[in-house]
Amino acid sequence: MMYALSKKKILIVEDKFVLYEELVSFFEDKGYYVIKHPSGKAVDTYDDAVNLMRNEAPDIAILDIEINGSKDGLELSAYIKNNYNTLIIILTGKDNHENLERAKSVLADGFVIKEDKPVNTRQLWANISLAMPKFEIKQKRKTLGSFFKVKEIDIKTLNSSYKEPIPEASNAIDLETFIKWECISHILSYNSKQAGEGNNNVLMYTNVQNKGYIYRSTIGSLIEHLPDNFVRFDQSTIVNAYHISARGKGNNLYYIGSRSFKISDTYKIEATEKLETLILKEA
Numbered sequence: 075m076m077y078a079l080s081k082k083k084i085l086i087v088e089d090k091f092v093l094y095e096e097l098v099s100f101f102e103d104k105g106y107y108v109i110k111h112p113s114g115k116a117v118d119t120y121d122d123a124v125n126l127m128r129n130e131a132p133d134i135a136i137l138d139i140e141i142n143g144s145k146d147g148l149e150l151s152a153y154i155k156n157n158y159n160t161l162i163i164i165l166t167g168k169d170n171h172e173n174l175e176r177a178k179s180v181l182a183d184g185f186v187i188k189e190d191k192p193v194n195t196r197q198l199w200a201n202i203s204l205a206m207p208k209f210e211i212k213q214k215r216k217t218l219g220s221f222f223k224v225k226e227i228d229i230k231t232l233n234s235s236y237k238e239p240i241p242e243a244s245n246a247i248d249l250e251t252f253i254k255w256e257c258i259s260h261i262l263s264y265n266s267k268q269a270g271e272g273n274n275n276v277l278m279y280t281n282v283q284n285k286g287y288i289y290r291s292t293i294g295s296l297i298e299h300l301p302d303n304f305v306r307f308d309q310s311t312i313v314n315a316y317h318i319s320a321r322g323k324g325n326n327l328y329y330i331g332s333r334s335f336k337i338s339d340t341y342k343i344e345a346t347e348k349l350e351t352l353i354l355k356e357a
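When we follow my numbering, the leftmost residue of the sequence shown carries the number 75, and every step to the right adds one.
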């Protein structure tokens, strides 16, 4: 039995207009909403696709490798993987072994060999049907939390500066750990060489008594991979808005329990707008 795939948005990037139209018709007949160029022309370049996705994020992307412009479909696939939660199917030529090898490196969810005749839509549909259940389980997990290679610590070992060496952490082994987003209350930069390799570390505080995690990353890099309810307050602090228990005077002071967090001037506009949106959503 085929897996139900109705009411999903699909982006098709193909430089041959006849084949593009064939794929559009095929997926519209299946009940998909196809993200199209306003002019009606084929979406056939990296830039076309990126511009369209700014307004509509696709659930599925069908990407030909050899498209028009300076960047090809594999570069587009890498961009989509880094910025969207999208299932990606790559269309590739039968005899292009170099592209086949490159295609493996982008970790696409499926591959379809494109012959010199219309694409095999049955094979394409089968690829999507087989990949979708696993993909949706993975995406559901992403909404709950993520795996991090971390060192678990006891928060009680920290002093008020949060920058003292932690023997337990420096001697511990990094373990791949699934951490639920809802368990993280806030995240601070933790620049102690004894806490890990180099100075780029963050300390995740949790709502589990005295438990924290040291993770090798910068605040700036980590915020890009966190859900929207994580708000950057300053250069070294991220707060999970869902853990905020009170607001102080003005729009820049918030509390998680007895601990206060102040939004810096640099992040005030962005953080305040984000917090107001989240508060309205929760109301």
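Ideal placement from N, C-alpha and C gives every residue a C-beta, glycine not left out.
Given residue i as reference, the closest of the options once Cα atoms are compared
| i | options | result |
| --- | --- | --- |
| A345 | S332, N314 and A116 | N314 |
| Q197 | D248, P207 and V186 | V186 |
| A135 | A123, D146 and S144 | A123 |
| Y279 | V92, L262 and S295 | L262 |
| K90 | G331, L300 and L165 | L165 |
| D248 | H299, I288, N303 and D146 | I288 |
| S259 | G294, R215 and T311 | T311 |
| I297 | S151, Y328, I330 and W255 | W255 |
| H317 | L352, N125, A205 and P207 | L352 |
| S332 | R321, D339, N326 and S338 | R321 |
| G114 | V98, K323, S338 and E350 | V98 |
| L300 | P207, R128 and T217 | T217 |
| N125 | T251, N157, K104 and E172 | N157 |
Three-state secondary structure (DSSP) of residue i
| i | result |
| --- | --- |
| I297 | helix |
| R176 | helix |
| E250 | strand |
| H317 | helix |
| L181 | coil |
| K208 | helix |
| K138 | Note on identity: in this sequence residue 138 is Asp, with Lys being the wrong assignment. The answer is strand: DSSP assigns D138 an E or B state. |
| S144 | coil |
| D228 | strand |
| P241 | Here the model assigns P241 a pLDDT of 48, short of 50, so the residue's position is not dependable and the matter cannot be decided. |
| V193 | coil |
| V98 | helix |
| V117 | coil |
| K104 | coil |
| T166 | strand |
| K90 | coil |
| T346 | helix |
| K214 | helix |
| K155 | helix |
| N303 | coil |
| N284 | coil |
| N201 | helix |
Counterpart residues of residue i in DSSP-defined beta bridges
| i | result |
| --- | --- |
| Y334 | The question names Tyr, yet the displayed sequence has Ser at residue 334. Y329, per the DSSP bridge assignment. |
| D308 | T311 |
| I109 | L85 |
| F221 | F252 |
| I261 | M278 and I312 |
| Y341 | DSSP, once it has assigned bridges, lists no residue as partnering Y341. |
| V124 | Answer by DSSP bridge pairing: none, since V124 is not bridged. |
| Y289 | V224 and V276 |
| I187 | T166 |
| L161 | I134 |
Residue i and residue j closer than 8 Å at C-beta
| i | j | result |
| --- | --- | --- |
| Y120 | I141 | yes |
| N284 | C257 | no |
| I162 | D183 | yes |
| V180 | A152 | yes |
| D133 | T160 | yes |
| K193 | L85 | Sequence inspection shows Val at residue 193; the Lys mentioned does not correspond to that position. Going by C-beta atoms, V193 is not nearer than 8 Å to L85. |
| I109 | E130 | yes |
| F307 | Y341 | yes |
| T195 | F335 | no |
| G286 | I229 | yes |
| V276 | I293 | yes |
| K188 | G167 | yes |
| I343 | N326 | no |
| L150 | V87 | yes |
Does the region 219-234 touch the region 196-210, meaning 3 or more C-beta pairs lie closer than 8 Å?
no
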